[in-house]
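Asks: The structure follows.
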Amino acid sequence: MLPPFLEKVLDRFKRLPDDRTRTEAIIYYCKRLAPMPAELKTDETKVPGCVSNVFITSELQDGKMHYLAAADALTTRGVVAILVEGFNGLSPEEVLSVPPEPFKESGIVQSLSASRANGFYNILNRIREEAMKHLASVNSQPRANS
């Protein structure tokens with residue numbers, strides 16, 4: 000099951016007539032990405048395998064994931080904005096339960112160049128890795144006995 004925001008966005012992308020229109024729609028989302036402080040743009044937060052520089056970090060607050068991200072290129076920034084907004088506020092388990100297939104089915108991935116499509120999956124994988132990291136951290140904490 001997709002989170003409501005992603006379901007809405009991907010449904011919109013399915014209805015767009017062609018790749019050019021989808022690319023324009025991706026770029027539209029750029030302005031929705033909150034700025035990422037420069038000090039968080041490090042080698043550790045950089046997403047490997049992307050054509051442009053992409054950085055993603057996260058925090059777990061009250062059991063919910065909160066991502067911060069940045070990207071140099073407009074198209075990539077739009078993709079990152081969609082993914083960050085779509086996954087923000089979900090539990091790590093919810094993030095990990097989102098399958099990659101709906102992104103392909105929506106046409107969003109096909110509207111990207113081959114190298115950017117590969118980058119899309121690298122970004123999605125980083126978002127999932129961040130969720131796994133926080134889930135492992137929570138599961139390794141000792142529980143108080145009642």
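The sequence shown begins at 0 in numbering that gives the first Met the number 0 and counts up one residue at a time. For each residue, glycine too, the CB sits at the ideal point set by N, CA and C.
#1: Which whole runs of the alpha helix (DSSP H) in the segment 87-118 are 4 residues long or more, in chain order?
#2: From the DSSP output, in three-state form, read off S57 for me.
#3: By alpha-carbon positions, which one of T75, F86, L123 and I81 ends up nearest to E58?
#4: Below 8 Å on the Cβ atoms is my contact criterion, and I expect A80 with Y28 to pass it. Report the Cβ-Cβ distance as a whole number of Å.
#5: Quick one: grab the DSSP three-state call for M0.
#6: Which residues in the same chain have their Cβ closer than 6 Å to the Cβ of G77, if we skip the five residues on either side of it in sequence?
#7: Check the DSSP bridge columns for A69 and list the partner residues they point to.
#8: Can you name, in chain order, every residue of its own chain whose Cβ lies under 7 Å from the Cβ of V108, other than the five neighbours on each side?
Replies: Answer, in terms of the structure:
#1: 91-96 and 100-104
#2: Translated into the one-based positions of the sequence shown, residue 57 becomes position 58. Note: S57 maps to strand in three-state DSSP.
#3: Translated into the one-based positions of the sequence shown, residue 58 becomes position 59. It is F86 whose Cα lies nearest to the Cα of E58.
#4: Counting from one through the sequence shown, the residue named residue 80 turns up at place 81. Counting from one through the sequence shown, the residue named residue 28 turns up at place 29. Right, the Cβ-Cβ distance comes to about 4 Å (below 8 Å), so this counts as a contact.
#5: Your numbering for residue 0 matches position 1 in the sequence shown. Of the three classes helix, strand and coil, the one that applies to M0 here is coil, per DSSP.
#6: Counting from one through the sequence shown, the residue named residue 77 turns up at place 78. I25, I26, Y28 and C29.
#7: The count along the sequence shown starts at 1 and reaches residue 69 at position 70. In DSSP, A69 forms a bridge with F54.
#8: For this step, residue 108 is matched to residue 109 along the sequence shown. The answer, listed in chain order, is F102, A116 and F119.
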